[in-house]
Amino acid sequence: MIGAYEISLLTTIGIAVTFALSLNLVTGFCGQISLGHAAFLGTGAYVAAMSVVAGAPFAVGLIAGGLVAAAVGAVVGLASLRVRHDFLAITTMGVGFLFVGFTRQQDWLGGEMGIAGIPEAPFGKVGLMVVALGVAAATAAFSVYLKRTWMGFAFDAIAADEDTARTVAIDVSRYKLAAFALGTGIAGLAGGLYAFNIRFIAPDSFGFVESVTVLAMVVIGGIGSVLWVTVAAAALAVLPQWFQAVDDYKLLLYGVLLFTVMRLSPGGLAGLVARLVRGVRQ
Amino acid sequence: MTAVLEVTGVTVTFGGVTALDDVSFVVHPGELLGLIGPNGAGKTTMLKVVTGIVVPQAGTVRLANADLAGLPTHARMRRGLGLAQQLVRTFDNVSTIENVMLAAGRQRTASPWAALFQVNRSVERRIALELLERVGIADAAEQRPDHLPLGYRKRLQVARALALDPALLLLDEPLAGLNHVEAAALADVVRGIADDGRTVVLIEHNLGEVLRITDRLVVLDSGRKIGDGEPGAVIRDPVVHAAYIGEGEAA
Ligand SMILES: Nc1ncnc2c1ncn2[C@@H]1O[C@H](COP(=O)(O)OP(=O)(O)OP(=O)(O)O)[C@@H](O)[C@H]1O
Ligand SMILES: [Mg+2]
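Dropping the structure here:
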């Protein structure tokens, strides 16, 4: 049998992988950068926590978290349609700050103190770990499937050149909205799992650092690569748990990592491995 | 016989520059129309007005008798336009054949949520390969477009525009960047597309090929229409002649 520590670690990894893959749908597949993705993790977490505190079943809380996050994501997506590239980064960053600022002010959401005493899941810690890993696996499978569909194909066109995508009759705005809704909805699911796992949430659990962390997972893994984003997410999820120094200097470390990868291997780990494989073959 | 395209009184200004000044013309079914004029005449701007990329200050554009005002570019393409732009714009994260497949799959991409349940690409792959063969670049089907020479990328754009199966194909300088032999071959392909019954508007500086393949010419100069009619007659017109001479030598 595995111990309580391993169970907690695996649950954390499952949540991180789901969260990173959700951003990978938006940023990796559809080419839309987000510097505020933690807001949707937070939305899902608050909705799920409030639901179960109010007595709703856990499954209902989880799904409600995903749906509300998707709805908020679609609204943010709608607002972001007119901005592009660097402005999108600033807009989404603003959404991230807005989320923290809003939740801090709301007494009914616990204000700065957040929500404590979230009840333990009836299926126990092992059950939660199984659910978290299952959701992560399902998200990975969905990502691989999506990439093969015509939706994923249209995302390729939009990520490459959205003006030209319009000239091949693709309704870029609707596809972007779909990407936002899917990505933020799945982030909301991860948020619900986060709330059930930690059983305490506060505005600062979903701040800028978390948004940068998840972006680092996607970029370091290799924008768009399901396998390597999964690997990077798992690695970056456990590092702060193993090394206190990493936890203390998260923003600095991930910032440096982001910059280094962009500079040296824009394809991330996925690009690096592909190049190594090509090199070995030759 | 109703016109495929009817442009009426189109005016476009960019800041102080008048790119198009009250321009009107029609394109008849099955016709290969040459749209010519010196550099900066407003030819590309006209295609951008037709496709909704540029919104004119005045004027209307009707496609098969329907006013296109207010329709975004993607919707106009679905109504039967195909566009190969002057500046090469390819999707460089997918292969050459996939660039064409994306256009060939316009029915599959009509709605994002329906597209989520569509996986099969084999029909589109077959159509795309035929089109790449038609424009003579099937050998590059599996390569990334950004690695290809300009002549290949230009032809890729023609194949991609054709893949939309448009009622009206708009080609902006497709022969630029092609050598003599390639240009003649692609001009023949464009003539063949018109012979198949498709309506084509061709912008081109290569006047030799233009005179060889077009049915009619519309000439723009400094945003104004200065000629419209049978190619041989239009090109001998002193006004048209002067516009080209004034520019130096355009052919
Ligand atoms: N986006 C823009 N902003 C400002 N001016 C523009 C813009 N697009 C075109 N123009 C100007 O409008 C005029 C017409 O340009 P256009 O590109 O339509 O000419 P063209 O006939 O296609 O020329 P060419 O043969 O060189 O391609 C030119 O003076 C050009 O500088
Ligand atoms: Mg032009």
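Residue numbers (our numbering), protein chains in the order written: chain U, 19 to 300; chain V, 493 to 743. The beta carbon of each residue, even a glycine, is placed where N, CA and C say it ideally should be.
Let me know if A725 (chain V) comes out buried or exposed under the rule of 16 or more other beta-carbons within 10 Å of its beta-carbon.
exposed
Interface residues of the segment 167–180 of chain U facing chain V [CB-CB below 8 Å]:
T167, W168, M169, F171, A172, D174, A175, A177, A178, D179
Please name the residues in the segment 556–577 of chain V whose beta-carbon is closer than 8 Å to at least one beta-carbon of chain U, in chain order.
P564, T565, H566, A567, M569, R570, L575, Q577
Apart from the five residues just before and just after A561 (chain V), which ones in its own chain have a Cβ nearer than 7 Å to its Cβ?
T552
So, do the segment 217–225 of chain U and the segment 76–83 of chain U have three or more beta carbon pairs nearer to each other than 8 Å?
no
DSSP on F517 (chain V), reduced to helix/strand/coil?
strand
Compile a chain-ordered list of the residues in the segment 258–274 of chain U whose CB is closer than 8 Å to at least one CB of chain A.
Of the protein chains in this structure, namely U and V, none is chain A.
Could you tell me the alpha carbon to alpha carbon distance between P75 (chain U) and S69 (chain U), rounded to whole angstroms?
8 Å
Burial state of A295 (chain U) (16 or more Cβ within 10 Å):
The sequence shown places Val at residue 295 (chain U), not Ala. Counting Cβ neighbours within 10 Å, V295 (chain U) comes out exposed, since fewer than 16 surround it.
4-residue-minimum alpha helix (DSSP H) runs that sit fully inside the segment 539–621 of chain V, ordered along the chain:
565–570, 588–596, 604–607
In the DSSP assignment, the beta strand (DSSP E) including T500 (chain V) goes from what residue to what residue?
497–506
With DSSP as the reference, please indicate the residues paired to R716 (chain V) in a beta bridge.
V:D713
Which residue or residues does DSSP assign as beta-bridge partners of R708 (chain V)?
V:L525
According to DSSP, simplified to helix, strand and coil, what is A677 (chain V)?
helix
Closer than 6 Å by C-beta to L539 (chain V): which residues in its own chain qualify, once you throw out the five before and the five after it? Chain order, please.
L662, D664
I want to know whether the segment 666–684 of chain V touches the segment 495–515 of chain V - three or more CB-CB distances under 8 Å.
no
Anyone know if the C-beta pair for G529 (chain V) and L712 (chain V) falls short of 9 Å?
yes
Please determine whether the Cβ atom of D513 (chain V) lies at a distance below 8 Å from any heavy atom of ligand 2.
no
Cα-Cα separation between A677 (chain V) and G507 (chain V), rounded to whole angstroms:
40 Å
Taking C-beta to C-beta, are V186 (chain U) and R598 (chain V) nearer than 9 Å?
yes
Is the number of C-beta pairs between the segment 198–216 of chain U and the segment 32–42 of chain U that are closer than 8 Å three or more?
yes
List the residues of chain V whose Cβ lies closer than 7 Å to the Cβ of Y193 (chain U), in chain order.
P604
Do you know offhand how far G170 (chain U)'s Cα is from S603 (chain V)'s?
12 Å
Using a cut-off of 7 Å between C-beta atoms, extract the partners of D584 (chain V) located in chain U.
A178
Contact with chain U by A742 (chain V), beta-carbon distance below 9 Å
Because A742 (chain V) sits at a pLDDT of 42, beneath the cut-off of 50, its placement in the model cannot be relied upon, and the point is left open.
Tell me which residues share the same chain as R183 (chain U) and place their Cβ nearer than 6 Å to its Cβ, disregarding the 5 neighbours each side in the sequence.
For clarity, residue 183 (chain U) is Ala in the given sequence; the question names Arg instead. Excluding positions up to five away in sequence, the list reads A175, I176, V190.
Proximity test, K535 (chain V) beta-carbon vs ligand 1 heavy atom, cut-off 8 Å
yes
How would you label Y193 (chain U), buried or exposed, when you count the other beta carbons within 10 angstroms and need 16 or more for buried?
buried
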